[in-house]
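Contents: one structure, followed by commentary.
Numbering (this note's numbering), first residue to last: 38 to 169.
Structure (structure tokens):
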């Protein structure tokens, strides 16, 4: 009788641990968009990071081009926290049609700007994924 209860307890615990281990880790939020005809200082829309998960804030570009015959090489993007008064600059990252990361951010509203382009004056990005 006791061996049967122990076996049931072990099986139940194993199943519970299996379900707990199967829970995927997700960032608090993400959004997918695109960029069409951006110039220096254009701003993304805002998003709210409630800082409930400690996930890094990142911006991923794919399918990048410019209005230059040289094509796309590099875009500088700057993350800002929207605050009363001058917005907080959280740093500029070089994006070569890949992912730029700023680490975990405190709670607040954020956006990014186009701060530089290596070639051309107009940026196009087919897919932009923002994770926070």
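Note that beta-carbon positions come from the ideal geometry of N, C-alpha and C, so glycine has one too. Being a predicted model, the structure only gives us computed values, none of them experimental.
Inter-residue Cα distance where the pair is residue i and residue j
| i | j | result |
| --- | --- | --- |
| residue 83 | residue 106 | 32 Å |
| residue 149 | residue 114 | 6 Å |
| residue 81 | residue 160 | 13 Å |
| residue 138 | residue 104 | 26 Å |
| residue 158 | residue 126 | 23 Å |
6 Å Cβ shell around residue i - same chain, five flanking residues per side excluded
| i | result |
| --- | --- |
| residue 99 | 164 |
| residue 101 | 109, 134 and 162 |
Bounding residues of the beta strand (DSSP E) (the contiguous stretch that carries residue i)
| i | result |
| --- | --- |
| residue 145 | 145-154 |
| residue 112 | 112-119 |
Residue i classed as buried or exposed, judged by whether at least 16 other C-beta atoms fall within 10 angstroms
| i | result |
| --- | --- |
| residue 78 | exposed |
| residue 120 | exposed |
| residue 69 | exposed |
| residue 132 | buried |
Other residues of its chain near residue i: CB distance less than 8 Å, five sequence neighbours each side excluded
| i | result |
| --- | --- |
| residue 140 | 93 and 94 |
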